[in-house]
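This report refers to the structure that appears directly beneath it.
Protein chains: 2
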Amino acid sequence: MGVYQQVIDAIKQGDRFLVASHAHPDGDGIGSTIALAKGLESLGKKVKMYNADPVPYNLKFLPYSGEVVSELGPDEKFDVTFMVDCSQRDRIGGDAAEIDRERLGKLILIDHHKLNSSECDIVCIDVDAAATGEVIFRLFKAMGLEVTKEIANLIFCTFVVDSGSFRYSNTSASLLKDASELVEAGASPWAISMAMDESNSPCAIDLLRMVLGTFEMRDKTAWVVLTQQMFSDSCASEDVAEEFINYPRSILGVEVAMLFRQLKPEEPASSKSAKGGSKEKWKASFRSKNAVDVQKIASAFNGGGHAHAAGCTLEGDLASVKERVFNEVRKCLSA
Amino acid sequence: MGVYQQVIDAIKQGDRFLVASHAHPDGDGIGSTIALAKGLESLGKKVKMYNADPVPYNLKFLPYSGEVVSELGPDEKFDVTFMVDCSQRDRIGGDAAEIDRERLGKLILIDHHKLNSSECDIVCIDVDAAATGEVIFRLFKAMGLEVTKEIANLIFCTFVVDSGSFRYSNTSASLLKDASELVEAGASPWAISMAMDESNSPCAIDLLRMVLGTFEMRDKTAWVVLTQQMFSDSCASEDVAEEFINYPRSILGVEVAMLFRQLKPEEPASSKSAKGGSKEKWKASFRSKNAVDVQKIASAFNGGGHAHAAGCTLEGDLASVKERVFNEVRKCLSA
Numbered sequence: 001m002g003v004y005q006q007v008i009d010a011i012k013q014g015d016r017f018l019v020a021s022h023a024h025p026d027g028d029g030i031g032s033t034i035a036l037a038k039g040l041e042s043l044g045k046k047v048k049m050y051n052a053d054p055v056p057y058n059l060k061f062l063p064y065s066g067e068v069v070s071e072l073g074p075d076e077k078f079d080v081t082f083m084v085d086c087s088q089r090d091r092i093g094g095d096a097a098e099i100d101r102e103r104l105g106k107l108i109l110i111d112h113h114k115l116n117s118s119e120c121d122i123v124c125i126d127v128d129a130a131a132t133g134e135v136i137f138r139l140f141k142a143m144g145l146e147v148t149k150e151i152a153n154l155i156f157c158t159f160v161v162d163s164g165s166f167r168y169s170n171t172s173a174s175l176l177k178d179a180s181e182l183v184e185a186g187a188s189p190w191a192i193s194m195a196m197d198e199s200n201s202p203c204a205i206d207l208l209r210m211v212l213g214t215f216e217m218r219d220k221t222a223w224v225v226l227t228q229q230m231f232s233d234s235c236a237s238e239d240v241a242e243e244f245i246n247y248p249r250s251i252l253g254v255e256v257a258m259l260f261r262q263l264k265p266e267e268p269a270s271s272k273s274a275k276g277g278s279k280e281k282w283k284a285s286f287r288s289k290n291a292v293d294v295q296k297i298a299s300a301f302n303g304g305g306h307a308h309a310a311g312c313t314l315e316g317d318l319a320s321v322k323e324r325v326f327n328e329v330r331k332c333l334s335a
Numbered sequence: 001m002g003v004y005q006q007v008i009d010a011i012k013q014g015d016r017f018l019v020a021s022h023a024h025p026d027g028d029g030i031g032s033t034i035a036l037a038k039g040l041e042s043l044g045k046k047v048k049m050y051n052a053d054p055v056p057y058n059l060k061f062l063p064y065s066g067e068v069v070s071e072l073g074p075d076e077k078f079d080v081t082f083m084v085d086c087s088q089r090d091r092i093g094g095d096a097a098e099i100d101r102e103r104l105g106k107l108i109l110i111d112h113h114k115l116n117s118s119e120c121d122i123v124c125i126d127v128d129a130a131a132t133g134e135v136i137f138r139l140f141k142a143m144g145l146e147v148t149k150e151i152a153n154l155i156f157c158t159f160v161v162d163s164g165s166f167r168y169s170n171t172s173a174s175l176l177k178d179a180s181e182l183v184e185a186g187a188s189p190w191a192i193s194m195a196m197d198e199s200n201s202p203c204a205i206d207l208l209r210m211v212l213g214t215f216e217m218r219d220k221t222a223w224v225v226l227t228q229q230m231f232s233d234s235c236a237s238e239d240v241a242e243e244f245i246n247y248p249r250s251i252l253g254v255e256v257a258m259l260f261r262q263l264k265p266e267e268p269a270s271s272k273s274a275k276g277g278s279k280e281k282w283k284a285s286f287r288s289k290n291a292v293d294v295q296k297i298a299s300a301f302n303g304g305g306h307a308h309a310a311g312c313t314l315e316g317d318l319a320s321v322k323e324r325v326f327n328e329v330r331k332c333l334s335a
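In order, the protein sequences belong to chains A and B.
Okay, so the first sequence: first residue is 1 according to the numbering used here, each after it adds one.
Okay, so the second sequence: first residue is 1 according to the numbering used here, each after it adds one.
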């Protein structure tokens with residue numbers, strides 16, 4: 001029995017469903033969550049959508065995004081829990097990560113990343129899919145479930161996010177054919193792109209201008225820096241920073257692009273008057289274009305990610321952080 | 001007989017072909033030119049590719065782009081001339097616009113814009129197509145012509161350019177299905193996008209930073225300014241400026257986005273010592289998101305374009321140019 005059929009059988013047998021994705025959700029996580037939930041509801045199931053974090057500002061246009069909750073009642077119990085785009089329970093975060101395993105019911109993973117997921121009862125990973133949304137689309141087709149206009153838009157959004165608008169190397173013939181079918185079912189590429197890309201605030205323009213002022217290159221590497229001071233000077237919110245790494249990446253000849261982002265100062269665990277205070281913390285993000293495996297760079301600092309996109313956190317002042325990172329980058333560039 | 005069949009018959013009967021597109025070519029013009037020419041060559045035809053202007057820096061990665069010439073011999077004669085993505089001979093510019101009509105042979109227009117084209121012998125306009133490249137793909141399929149990997153990449157590039165990476169409202173189910181077939185035939189979305197978007201120079205980053213410093217908003221309008229001084233301060237070339245209008249357009253609530261770009265000072269026709277010298281000239285570009293027809297704004301200043309993208313040229317200092325344009329914008333916003 002194929003794994004899609006196992007999922008279909010579990011859906012048939014269940015009545016109360018939880019659908020959850022990873023904390024700090026992106027368009028694939030949230031779009032997949034809502035699409036799956038609405039598909040289940042169309043079969044008459046009771047469904048709760050959960051995320052530890054709020055839906056980001058540029059995804060609030062998605063239908064039903066207001067129904068995604070961040071809290072679970074102390075007595076809630078489910079027949080089936082779907083983890084979508086999230087292979088580990090502790091990545092879900094919040095209430096759902098801490099809930100008793102037994103209250104989650106059958107645990108089903110729907111994903112397109114090949115990851116360890118031993119705690120799940122059914123593992124539906126389709127590594128040929130460009131997005132978890134594409135796995136859900138395949139599931140719906142296998143079920144013969146009607147793809148409404150709203151579901152088509154939700155799934156199309158997952159394609160746009162995870163393939164970089166059909167630009168990245170995961171843009172397969174199958175993804176484009178599925179996208180074509182979604183448009184036939186009523187998805188609107190322009191409305192989705194406009195909602196996602198054209199909902200900037202003037203503050204974000206201001207922040208981008210400051211960030212571009214920090215642009216530097218060395219060897220086949222280029223980077224920009226984002227400080228907490230820039231956030232307060234520009235009135236921009238933290239969630240606009242995601243795309244800034246694309247600017248150093250856009251430079252001809254750059255193999256590794258980096259973004260150094262200063263994290264918010266955390267209150268020290270002990271008294272604030274403790275000498276020295278807390279150290280600066282920086283999130284370093286890496287993107288590579290071709291041969292360099294940036295996961296190796298990130299893992300040298302206990303970070304993680306993929307070959308072409310990874311990240312880690314470092315402590316110290318910016319100059320020393322940059323230098324330590326650059327030493328690792330150099331090793332990978334010369335490898 | 002369908003118009004595609006008329007084109008196929010003309011191709012069968014001809015031996016020497018000219019393929020030309022509009023001056024200042026974009027990815028649809030150049031990609032369509034080369035794709036059509038290489039398709040004709042695969043049938044054993046002699047083909048010359050022509051453009052009045054050089055291939056832009058971010059399209060030089062296209063196969064055979066180096067074979068596009070900007071000059072025609074004084075005695076060259078063709079059986080068939082294709083105008084692709086260019087409905088009027090005078091928009092071709094240069095040698096090809098001035099050549100005797102009789103030397104061009106049968107004149108065939110291939111386009112996806114509904115435009116006047118009375119001088120052509122065959123008019124193959126497919127307004128359902130998102131790009132002229134899609135019309136050419138349909139022609140090749142009607143002919144049963146093999147779509148090689150190179151032709152697939154050339155046509156895929158036209159899709160990317162004219163649909164804004166499958167984001168604009170012309171992204172139809174048919175375009176995505178055609179794109180899927182092109183990937184099956186060997187097109188590489190990632191290689192094309194990387195070549196087009198990831199070949200910036202550091203100078204362009206510098207120029208963008210300066211341009212963002214001019215960002216302003218008024219009512220439902222936002223704009224940026226690009227001066228000749230910025231070009232010399234940043235070492236960036238003129239052709240990087242195309243995309244800057246996307247920044248004001250990206251702002252939530254903005255209906256009309258504008259870019260004011262100072263044109264190069266032209267030598268005055270009379271003596272340079274003539275009092276006052278030449279006036280400043282500005283190119284104003286307009287983009288609208290929804291209801292506003294920016295062609296109306298542009299045509300008030302003898303410019304042109306489409307409902308969502310238009311432009312015009314004005315003389316005078318920046319403050320007066322902005323004010324005159326803004327008065328027209330206000331009329332359209334309140335219409």
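Note that the Cβ used here is the ideal one computed from N, Cα and C, for glycine as well.
Item: Any idea what DSSP makes of residue 37 (chain A), helix, strand or coil?; Value: helix
Item: Where residue 302 (chain A) and residue 313 (chain A) are concerned, what is the direct C-alpha to C-alpha distance, given to the nearest angstrom?; Value: 8 Å
Item: How big is the Cα-Cα spacing for residue 288 (chain A) and residue 177 (chain A)?; Value: 28 Å
Item: Nearest-angstrom Cα distance between residue 35 (chain A) and residue 20 (chain A)?; Value: 12 Å
Item: May I ask you to list, following chain order, the residues of the stretch 212-230 of chain B that have a beta carbon less than 7 Å from some beta carbon of chain A?; Value: 212, 213, 215 and 217
Item: When Cβ atoms are compared, which residues of the stretch 19-38 of chain B fall closer than 9 Å to chain A?; Value: none
Item: If contacts are defined as beta-carbon pairs under 8 Å, then residue 136 (chain B) and residue 234 (chain B) qualify, I think. What distance do you get, rounded to the angstrom?; Value: Wrong, their Cβ atoms sit about 37 Å apart, outside the cutoff.
Item: In terms of DSSP beta bridges, what is residue 193 (chain A) paired with?; Value: Answer by DSSP bridge pairing: none, since residue 193 (chain A) is not bridged.
Item: Does the Cβ of residue 200 (chain A) have 16 or more other Cβ atoms within 10 Å, making it buried, or fewer, making it exposed?; Value: buried
Item: Please name the residue in B:73, B:203 and B:213 whose C-alpha comes closest to that of residue 215 (chain A).; Value: B:203
Item: Chain A beta carbons: is any one of them nearer than 8 Å to that of residue 111 (chain B)?; Value: no
Item: Where residue 148 (chain A) and residue 185 (chain A) are concerned, what is the direct C-alpha to C-alpha distance, given to the nearest angstrom?; Value: 7 Å
Item: Check whether the Cβ atoms of residue 131 (chain B) and residue 197 (chain B) lie closer than 8 Å to each other.; Value: no
Item: With 16 as the cutoff for other CB atoms within 10 Å, does residue 22 (chain B) come out buried or exposed?; Value: buried
Item: Is the stretch 253-260 of chain B touching the stretch 308-326 of chain B in the sense that three or more CB pairs, one from each, lie closer than 8 Å?; Value: yes
Item: Considering only C-alpha positions, which residue in the set B:54, B:60 and B:50 is nearest to residue 84 (chain B)?; Value: B:50
Item: Please confirm if residue 197 (chain B) has its CB atom under 8 Å from at least one CB of chain A.; Value: yes
Item: When the Cα of residue 305 (chain B) is compared with those of B:94, B:115 and B:53, which residue comes out closest?; Value: B:115
Item: Let me confirm a value: residue 5 (chain A) is counted as buried when at least 16 other C-beta atoms fall within 10 Å, else exposed. Which label applies?; Value: exposed
Item: Below 7 Å between beta carbons is the criterion; list the residues of the stretch 226-259 of chain A that meet it against any residue of chain B, in chain order.; Value: 247, 249, 250, 251 and 252
Item: Can you name, in chain order, every residue of its own chain whose Cβ lies under 6 Å from the Cβ of residue 142 (chain A), other than the five neighbours on each side?; Value: 4
Item: Excluding the 5 residues flanking residue 103 (chain B) on each side, which residues of the same chain have their C-beta closer than 6 Å to its C-beta?; Value: 77
Item: For residue 162 (chain B), count neighbouring Cβ atoms within 10 angstroms of its own Cβ and tell me buried if that reaches 16, exposed if not.; Value: buried
Item: Could you tell me the distance, in whole angstroms, from the CA atom of residue 224 (chain B) to the CA atom of residue 230 (chain B)?; Value: 12 Å
Item: Is the Cβ of residue 127 (chain B) closer than 8 Å to any Cβ of chain A?; Value: no
Item: Is residue 253 (chain A) near the ligand NAP, judged by its Cβ being under 7 Å from some heavy atom?; Value: Looking at this structure, you won't find the ligand NAP or any other ligand, since it has none at all.
Item: With contact counted as at least three CB pairs below 8 Å, one residue from each stretch, are the stretch 144-158 of chain B and the stretch 144-160 of chain A in contact?; Value: no
Item: Check each residue of the stretch 162-186 of chain A: if its Cβ is closer than 7 Å to any Cβ of chain B, include it; give the result in chain order.; Value: 165, 166, 167, 168, 169, 171, 172, 173, 176, 177, 179, 180, 183 and 184
Item: Measuring straight from C-alpha to C-alpha, what distance separates residue 25 (chain B) and residue 57 (chain B)?; Value: 11 Å
Item: Is it buried or exposed, residue 111 (chain B), if we count other Cβ atoms within 10 angstroms and call 16 or more buried?; Value: buried
Item: Helix, strand or coil for residue 297 (chain A), going by three-state DSSP, please let me know.; Value: helix
Item: Take residue 43 (chain A) as the anchor and find which of A:100, A:120, A:11 and A:87 has the nearest alpha-carbon.; Value: A:11
Item: Taking 7 Å as the limit between beta carbons, can you name the residues of its chain near residue 310 (chain A), skipping five residues before and five after?; Value: 286, 294, 295, 297, 298, 303 and 304
Item: Using a Cβ-Cβ cut-off of 8 Å, state whether residue 200 (chain A) counts as contacting chain B.; Value: yes
Item: Looking at chain B, which residues of the stretch 289-302 of chain A have a Cβ within less than 7 Å of any of its Cβ atoms?; Value: 289
Item: DSSP state of residue 232 (chain A), grouped into three classes?; Value: helix
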